[in-house]
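Asker:
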Amino acid sequence: MTEITPDIQAAAAAIFTARESLTQIPPVRETHGIIDVEAAYAVQALNTARWIEAGRRPVGAKIGLTSKAVQDQLGVGEPDFGTLWADYAFGEGDVVPLRRFMQPKVEAEIAFVIGRRIDDPQISLTRLTGAIDCAYAAVEIVDSAIAAWNIRLADTVADNASGGGFALGTEPRRIGDVDLRLGGMVLTLNGRPASIGVGAACLGHPLNATLWLARRMAELGRPLEAGEIVLSGALGPMVPVAAGDVCTVEIQGFAPLSFVFGDKHP
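Numbered continuously in our numbering, the sequence shown closes out at residue 259.
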């Protein structure tokens, strides 16, 4: 277990304050020397516990860095993870208040709902598939407390894997009824294509990313539980959004998901 040093505590406090006040901060790798990924996860865990104590409700997990290109850019060989929160969950037709974010971007993903507890750190893909209840089209609203997205691996991990919010579609699909690997994706903003991708862009298959997360969480003694939502990773490039943008995601085999970003100001 990582020792909770004064630098880790200070970095957690800085990110917590930034998120609560919606005020961007410099990279914690520079201001607090958080360069090790385990230290970064310790920062994240401190804030997760603090938010839960404050009354926020976690509803699952998000997986980041599932693109080989992004991994190469940050010099890493595996994804990262963060927490999904109920108070930042949205759905079809919602108006998402842009004022609740600092520098949001969106990316289309497949979301899985866990059907039963997964506590085996060596779980196979076949058993994982059997433990998943259903899949949804989803959008992750990525956001960063680090000014100008000047992030390295430790910065994004410490900042809840740059998690902001998410939106889920309305119609669940059984895994066997859709082609999660070859199914195409188009994300449009205001009717114009902004991001195009495919299931294979997410570690070769969205279930590969989910398998990594399930094993990792079991190793950490925080297994995925029945009813939790997993955002499995981007199917295409993320794109910035602005007030008034209508975001629509179409993923082959799923019903379209559409919502709008409201005014930046209260």
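Each residue gets a CB set at the ideal place from its N, CA and C atoms; glycine is no exception.
In three-state terms, what does DSSP make of F247?
Answerer: Residue state, collapsed to three classes: coil.
Asker: Measuring CB to CB, does A131 end up less than 8 Å from F159?
Answerer: Their beta carbons are under 8 Å apart, which means A131 touches F159 by this criterion.
Asker: By Cβ distance below 8 Å, which residues in the same chain neighbour T41 in space, the five residues on each side in sequence not counted?
Answerer: Taken in chain order, the residues that qualify are P51, T76, N153.
Asker: DSSP beta-bridge partners for P165?
Answerer: DSSP output for P165 lists no bridge partner at all.
Asker: Considering only residues of the same chain and omitting the five flanking positions on each side of D80, which have a CB-CB separation below 7 Å?
Answerer: Answer for D80: R49, listed in chain order.
Asker: Locate the alpha helix (DSSP H) running through V63, then write down its first and last residues.
Answerer: Its alpha helix (DSSP H) spans residues 61 to 67.
Asker: Rounded C-beta distance between V21 and L146? I'm assuming under 8 Å.
Answerer: No, V21 and L146 are not in contact; Cβ-Cβ is about 12 Å, not under 8 Å.
Asker: Measure how close the beta-carbons of T320 and A5 come, nearest whole angstrom, since I'm counting them as under 8 Å.
Answerer: Lying outside -6 to 259, the shown extent of the chain, residue 320 is not represented and no answer is given.
Asker: Would you tell me roughly how many angstroms separate the C-alpha atoms of I168 and G123, rounded to the nearest one?
Answerer: Their Cα atoms are separated by approximately 9 Å.
Asker: CB-CB under 6 Å to L15, same chain, minus the five flanking residues each way: which ones, in chain order?
Answerer: Correct list, in chain order: M95.
Asker: Taking the alpha helix (DSSP H) that D126 belongs to, which residues open and close that run?
Answerer: Premise fails: D126 lies in the beta strand (DSSP E), 125 to 135, not in any alpha helix (DSSP H).
Asker: Quick one: Cα of S251 to Cα of A101, how far?
Answerer: So the two alpha carbons sit approximately 11 Å from each other.
Asker: Take G226 as the anchor and find which of N143, E71, A11, Q17 has the nearest alpha-carbon.
Answerer: Comparing Cα positions, the closest option is E71.
Asker: Rounding to the nearest angstrom, what Cα-Cα distance links E133 and A33 in this structure?
Answerer: Their Cα atoms are separated by approximately 21 Å.
Asker: To which residues of the same chain is P259 closer than 8 Å at the C-beta, ignoring the five residues directly before and after it?
Answerer: Low per-residue confidence applies at P259: pLDDT is 49, beneath 50, and the placement is therefore not dependable, though the value from the model is reported in the following sentence. Only R92 meet the Cβ criterion.
Asker: Using CA atoms only, rank isn't needed, just tell me which of G214, I1, I189, L224 is closest to E243.
Answerer: Out of G214, I1, I189, L224, I189 has the C-alpha closest to the C-alpha of E243.
Asker: In whole angstroms, give me the CA-to-CA distance for P19 and K98.
Answerer: Each residue's alpha carbon lies about 19 Å from the other.
Asker: Just to confirm my understanding: we take D113, look at its own chain, exclude 5 residues before and 5 after, and list those with CB closer than 7 Å. What are they?
Answerer: The residues are A211.
Asker: Can you have a look at D256 and say buried or exposed, based on whether 16 or more other CB atoms are within 10 angstroms of its CB?
Answerer: D256 is exposed by the Cβ-count criterion.
Asker: Just to check my reading of the structure: P199 and I103 have Cβ atoms closer than 8 Å, yes? What is that Cβ distance to the nearest angstrom?
Answerer: About 4 Å; that satisfies the 8 Å criterion.
Asker: Quick check on K55: buried or exposed, where buried means 16 or more other Cβ atoms within 10 Å of its Cβ?
Answerer: When all chains shown are included, K55 counts as buried.
Asker: Once the 5 residues before and after T260 are set aside, which same chain residues still bring their CB inside 7 Å of it?
Answerer: Lying outside -6 to 259, the shown extent of the chain, residue 260 is not represented and no answer is given.
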